[in-house]
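Note sheet for the following structure.
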Amino acid sequence: MSQYDAIVIGAGHNGLTNAAYLAKAGLNVVVIEKNDYIGGAAVTRELYEGWKYSNCSYVCSMMRQALHRDLNLSRHGLILVPYLGTINFGDGDERLFSYHDEQAAYLELKRHSPHDADAMNRFQADLTRYSQFIRKTLLRTPPEPTSFRPRDIMEFLFLAKQLWRLGEREIYEYIRFFTMSAADFLDDYFENDLIKAAMASPGIIGTALGVYSPGSSYILLHHVMGDVDGNIGAWGLARGGMGAISSALANALQEYGGEILTNSGVEKIIVDGRKATGVVLDNGDQISARIVVSNLDAKRTFTQIIDREDLPDSIYERASNFKIRGSSGKVNIALSGLPKFTHVPENRYINRGGQGFTGSMETMERAYDCWKRGNWSDDPFVESVIPSAWDPTVAPPGQHWMSNFVQYCPPTLADGCWTPEKRDAFGEAVIKKIERYSPDFRDLILHMEVRTPHEIEEEIGLTEGNIFQGELTIDQLFFNRPFPGYGQYRMPVENLYMCGSSTHPGGGVSAACGANAAREILLDLKCRNTVPKDDFYDE
Amino acid sequence: MITIDPYAGERLKLSPFYIREKELNIRDAWSAWNGYKFADYYYDAEYEYFCIRNQCGTYDICPMQKYAIQGPDAAAMLNRMVTRDVDKIGTNRVGYAVWCTDEGRIIDDGTIFKLADDRFMLTCGSPCTAWLRKSAFGFNNLDITDVTDEIAALSLQGPTSCAVLKKMGLTGIETAKPFDVMHFPFHDDTLMVSRTGFTGDLGYELWINSGRALTMWDELYDAGADYGIQPYGETATDMARLEAGFIMPYMDFNEALKTVHFEHDQTPFELGLGWLVDFEKPHFSGRRALLKEQQTGPKWRLVKLDIEGNWPAIEAIMYNDEECSEEIGYVTSAMWSPAVKSNIALAMIKSEFIDGELWAEIYRAKELRQYRRMARCSKSTKPFWTHTRARSTPPADY
Numbered sequence: 001m002s003q004y005d006a007i008v009i010g011a012g013h014n015g016l017t018n019a020a021y022l023a024k025a026g027l028n029v030v031v032i033e034k035n036d037y038i039g040g041a042a043v044t045r046e047l048y049e050g051w052k053y054s055n056c057s058y059v060c061s062m063m064r065q066a067l068h069r070d071l072n073l074s075r076h077g078l079i080l081v082p083y084l085g086t087i088n089f090g091d092g093d094e095r096l097f098s099y100h101d102e103q104a105a106y107l108e109l110k111r112h113s114p115h116d117a118d119a120m121n122r123f124q125a126d127l128t129r130y131s132q133f134i135r136k137t138l139l140r141t142p143p144e145p146t147s148f149r150p151r152d153i154m155e156f157l158f159l160a161k162q163l164w165r166l167g168e169r170e171i172y173e174y175i176r177f178f179t180m181s182a183a184d185f186l187d188d189y190f191e192n193d194l195i196k197a198a199m200a201s202p203g204i205i206g207t208a209l210g211v212y213s214p215g216s217s218y219i220l221l222h223h224v225m226g227d228v229d230g231n232i233g234a235w236g237l238a239r240g241g242m243g244a245i246s247s248a249l250a251n252a253l254q255e256y257g258g259e260i261l262t263n264s265g266v267e268k269i270i271v272d273g274r275k276a277t278g279v280v281l282d283n284g285d286q287i288s289a290r291i292v293v294s295n296l297d298a299k300r301t302f303t304q305i306i307d308r309e310d311l312p313d314s315i316y317e318r319a320s321n322f323k324i325r326g327s328s329g330k331v332n333i334a335l336s337g338l339p340k341f342t343h344v345p346e347n348r349y350i351n352r353g354g355q356g357f358t359g360s361m362e363t364m365e366r367a368y369d370c371w372k373r374g375n376w377s378d379d380p381f382v383e384s385v386i387p388s389a390w391d392p393t394v395a396p397p398g399q400h401w402m403s404n405f406v407q408y409c410p411p412t413l414a415d416g417c418w419t420p421e422k423r424d425a426f427g428e429a430v431i432k433k434i435e436r437y438s439p440d441f442r443d444l445i446l447h448m449e450v451r452t453p454h455e456i457e458e459e460i461g462l463t464e465g466n467i468f469q470g471e472l473t474i475d476q477l478f479f480n481r482p483f484p485g486y487g488q489y490r491m492p493v494e495n496l497y498m499c500g501s502s503t504h505p506g507g508g509v510s511a512a513c514g515a516n517a518a519r520e521i522l523l524d525l526k527c528r529n530t531v532p533k534d535d536f537y538d539e
Numbered sequence: 001m002i003t004i005d006p007y008a009g010e011r012l013k014l015s016p017f018y019i020r021e022k023e024l025n026i027r028d029a030w031s032a033w034n035g036y037k038f039a040d041y042y043y044d045a046e047y048e049y050f051c052i053r054n055q056c057g058t059y060d061i062c063p064m065q066k067y068a069i070q071g072p073d074a075a076a077m078l079n080r081m082v083t084r085d086v087d088k089i090g091t092n093r094v095g096y097a098v099w100c101t102d103e104g105r106i107i108d109d110g111t112i113f114k115l116a117d118d119r120f121m122l123t124c125g126s127p128c129t130a131w132l133r134k135s136a137f138g139f140n141n142l143d144i145t146d147v148t149d150e151i152a153a154l155s156l157q158g159p160t161s162c163a164v165l166k167k168m169g170l171t172g173i174e175t176a177k178p179f180d181v182m183h184f185p186f187h188d189d190t191l192m193v194s195r196t197g198f199t200g201d202l203g204y205e206l207w208i209n210s211g212r213a214l215t216m217w218d219e220l221y222d223a224g225a226d227y228g229i230q231p232y233g234e235t236a237t238d239m240a241r242l243e244a245g246f247i248m249p250y251m252d253f254n255e256a257l258k259t260v261h262f263e264h265d266q267t268p269f270e271l272g273l274g275w276l277v278d279f280e281k282p283h284f285s286g287r288r289a290l291l292k293e294q295q296t297g298p299k300w301r302l303v304k305l306d307i308e309g310n311w312p313a314i315e316a317i318m319y320n321d322e323e324c325s326e327e328i329g330y331v332t333s334a335m336w337s338p339a340v341k342s343n344i345a346l347a348m349i350k351s352e353f354i355d356g357e358l359w360a361e362i363y364r365a366k367e368l369r370q371y372r373r374m375a376r377c378s379k380s381t382k383p384f385w386t387h388t389r390a391r392s393t394p395p396a397d398y
């Protein structure tokens with residue numbers, strides 16, 4: 001039986017980050033991973049020869065640059081490249097192009113609505129203001145609202161100071177914003193439906209909420225608060241696919257002396273008395289350690305790999321009721337050429353960014369209606385990007401791979417479980433949607449991987465295939481994430497911690513959950529803190 | 001065969017005067033304003049600046065936003081929107097105005113042309129469509145049209161500008177007083193001329209339907225040939241306006257609706273525009289906040305500075321003494337003034353320091369090497385540069 005200081009369960013990007021910081025502090029760390037590859041949902045997989053799919057997460061903007069720099073991820077092979085704007089496709093022939101260039105962006109918006117072209121300035125300023133506040137909390141441990149410990153009080157004072165900096169009026173707006181729907185929020189600014197739909201679409205990605213559901217405005221913010229080199233809202237691609245992030249983190253971890261064990265699923269966490277002391281692997285091996293860190297989601301951690309009798313009742317109940325609804329699908333496609341889209345000029349820039357098959361506010365809401373009834377939509381919202389137009393490493397020259405993120409797709413269907421036939425029919429619905437805007441699209445397809453929440457759960461272990469490891473609604477955010485009273489990464493079983501997206505600040509390839517958990521663990525183990533402070537462009 | 005430009009949607013729009021401007025923009029020095037291609041300068045910025053002060057120059061203000069606001073409710077709507085009393089602007093007169101958020105922060109500044117009791121034109125630097133719509137809530141007998149693309153506008157500024165317009169055939173233009181508007185028949189159309197500008201000098205602005213823009217340009221340039229007429233761009237404008245003490249958006253003030261930090265925008269009192277705020281008239285946006293500010297006094301003040309030495313105080317931080325004991329503000333615009341041979345600047349200073357010593361920390365590169373200097377500043381209450389010709393009616397011919 002091997003003896004470690006820490007076992008991290010799950011080699012997703014947060015688990016690797018957590019382990020890297022523990023190893024950096026001199027701890028003897030092992031990351032155990034059930035799959036034969038690492039990365040969790042930040043992976044690059046060659047499922048068709050010559051094509052490297054980022055088959056789960058596909059773009060990156062939330063990665064904390066302080067961690068990127070501190071862990072020398074660039075030296076370990078990571079480079080994040082921002083990509084240009086997205087084309088949003090309306091239900092009909094309307095197209096909305098987005099540009100980084102201020103003048104081009106203004107003229108394009110004005111083409112759709114002079115009113116909205118003007119209003120966009122206020123929208124951007126307001127979103128930037130909201131983002132600046134939230135971003136400051138990402139690499140910090142949420143304070144406990146009921147604790148009177150000095151550190152929690154200091155943290156609340158810090159937050160109050162940041163909030164105060166928003167100005168009196170904005171404090172009200174901020175509170176209002178958190179509980180609104182994306183649609184209500186956008187109605188304050190815009191009149192044009194396609195502009196609204198394009199701006200609303202980040203509000204539904206990965207969530208079982210619709211554009212009209214309260215709470216979706218925060219999801220919108222969660223998706224636009226990231227930045228690439230200070231450009232808030234910009235998205236980047238990792239050269240070599242999202243797996244490049246995980247492999248850079250793994251390299252950093254190994255350089256600090258950490259180990260990674262693949263093909264090692266966890267059967268259960270061993271709890272001796274009230275303390276976690278190790279894990280039993282699915283091959284029967286036992287590994288013991290001073291602490292155990294779960295990078296699995298809260299539901300999986302507490303309902304599947306810990307015996308119920310080892311837990312306080314309330315935790316099992318909270319974990320069972322943890323809101324982690326699957327709502328997204330993913331279709332990865334190898335293409336023999338760059339697709340052409342109708343009513344899109346053929347120029348060297350515009351066709352090479354992202355495509356939002358947005359439709360309209362109503363189309364998105366109807367797609368959500370299908371999810372509620374346990375069906376996939378025939379007219380889904382699809383957010384696509386063609387990374388090979390930017391990244392020479394992911395497809396052969398002249399050929400392309402297209403990532404298609406699909407909202408909505410239910411974890412189980414009204415007529416029963418997913419079957420391979422139903423999965424393919426879902427993939428077909430996505431192709432049909434793209435075909436409406438690119439008539440020759442089907443002819444370009446060389447290979448397709450269709451992933452419903454079922455496949456995502458089976459392969460990656462995300463409960464219901466929820467990409468955030470739990471809904472990003474206010475009841476499950478900040479000090480309520482994953483559960484009220486457990487917002488500081490320490491779990492009810494002594495020596496057990498969580499470090500995945502089920503903890504603050506939630507989903508997205510930010511590495512912040514893993515780093516925040518490491519900071520708390522090192523504090524408990526009386527080790528020197530190795531986790532850097534975040535840095536901001538607005539300070 | 002017609003080739004379609006695949007970048008058409010991304011390219012800047014061209015002003016109705018562009019064909020003529022392109023010929024004269026020897027340096028290909030272009031930038032952009034509100035989606036229009038727009039000249040920084042044409043030949044030599046300093047030469048163009050001296051045309052404004054010595055002969056005359058034209059400045060293309062087509063990209064400036066123009067809104068026709070018409071109907072029985074037009075005056076009431078504008079009165080609720082802007083801080084000054086629109087009813088006090090006479091017919092065929094122009095008034096400078098600012099409009100604010102409920103917090104009293106300036107959204108933009110611009111000019112209101114009163115063309116009839118129920119007919120106005122509002123001009124401003126940035127698009128204002130969304131705010132105008134909000135400002136019109138509750139006023140139903142009203143029509144607001146963006147006429148930016150329909151009306152071509154050219155500013156003609158400088159001591160010979162009146163003579164040029166007379167030669168062009170605008171009989172009686174010399175009777176126009178500052179801020180007057182006159183209308184002249186022009187090729188079955190009407191040419192509107194206002195005695196306005198952004199240079200502090202004698203000058204006019206010409207407003208014509210876009211279709212007649214080139215005809216107007218040609219006749220103006222024919223008339224001006226012997227009067228030194230010359231197009232000028234953004235650089236010369238910025239020099240002339242600073243000498244005149246006029247404020248520029250994105251330099252001396254931020255538009256409140258686009259500002260991320262609530263203290264990074266300004267109020268009329270902070271900018272020295274208290275004279276534009278009329279508490280006697282009925283309610284207007286920002287009234288409550290401005291009334292409070294009038295009692296407590298503004299936190300910051302924009303001041304005109306005369307700075308010792310000749311290093312322009314560009315982006316300088318302001319201190320209360322030579323030792324930099326306390327940071328008290330920052331320079332917003334600065335230049336060496338060719339007309340008055342002084343080192344001038346506008347700076348935002350915290351009110352409590354306004355009467356003390358003012359020092360600017362100035363950096364300047366000489367052949368790539370950076371130098372630093374502390375320069376004492378004195379406040380100036382008048383525009384840095386004025387000339388009687390800017391106000392006299394009729395103006396002299398040069």
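Protein chains in written order, with the numbering used here: chain H, 1 to 539; chain E, 1 to 398.
Each residue gets a CB set at the ideal place from its N, CA and C atoms; glycine is no exception.
Note that the structure is predicted; figures quoted are calculated from it, not measured.
Interface flag, residue i vs chain H, CB-CB below 8 Å
i, result
"Val-260/E", "yes"
"Cys-128/E", "yes"
"Asp-222/E", "no"
"Lys-22/E", "no"
"Ala-32/E", "yes"
"Leu-165/E", "no"
"Ala-6/E", "The identity of residue 6/E in the sequence shown is Pro, whereas the question assumes Ala. At least one chain H Cβ lies under 8 Å of Pro-6/E."
"Glu-103/E", "yes"
Span of the beta strand (DSSP E) around residue i
i, result
"Ser-384/H", "381-385"
"Pro-185/E", "181-186"
Alpha carbon of residue i to alpha carbon of residue j, nearest angstrom
i, j, result
"Gly-110/E", "Leu-338/H", "48 Å"
"Ile-38/H", "Glu-46/H", "14 Å"
"Ile-112/E", "Ile-89/E", "9 Å"
"Ser-502/H", "Leu-12/E", "47 Å"
"Leu-221/H", "Arg-176/H", "13 Å"
"Glu-449/H", "Phe-468/H", "21 Å"
"Ser-147/H", "Phe-185/H", "34 Å"
"Val-340/E", "Gly-233/E", "21 Å"
"Arg-140/H", "Leu-522/H", "14 Å"
"Pro-380/H", "Tyr-130/H", "29 Å"
Proximity test, Cβ basis, 8 Å: residue i and chain E
i, result
"Arg-176/H", "no"
"Arg-122/H", "yes"
"Gln-355/H", "no"
"Leu-163/H", "no"
"Gly-167/H", "yes"
Contact list for residue i against chain E, beta-carbon separation under 7 Å
i, result
"Thr-128/H", "Val-260"
N- and C-terminal bounds of the alpha helix (DSSP H) containing residue i
i, result
"Ala-429/H", "420-437"
"Ile-134/H", "114-138"
"Ser-288/H", "Not the alpha helix (DSSP H): Ser-288/H falls in the beta strand (DSSP E), residues 286-294."
Closer than 9 Å at the beta carbon, the chain H residues around residue i
i, result
"Gly-233/E", "By Cβ distance, chain H contributes nothing, its closest Cβ being about 16 Å from Gly-233/E, past 9 Å."
Contacts of residue i in chain H (Cβ-Cβ under 8 Å)
i, result
"Lys-13/E", "Leu-107"
"Asp-146/E", "Pro-114"
Chain H residues whose Cβ lies nearer than 7 Å to that of residue i
i, result
"Arg-133/E", "His-115"
Chain-ordered neighbours of residue i on chain E, where CB pairs are closer than 8 Å
i, result
"Glu-346/H", "Pro-6"
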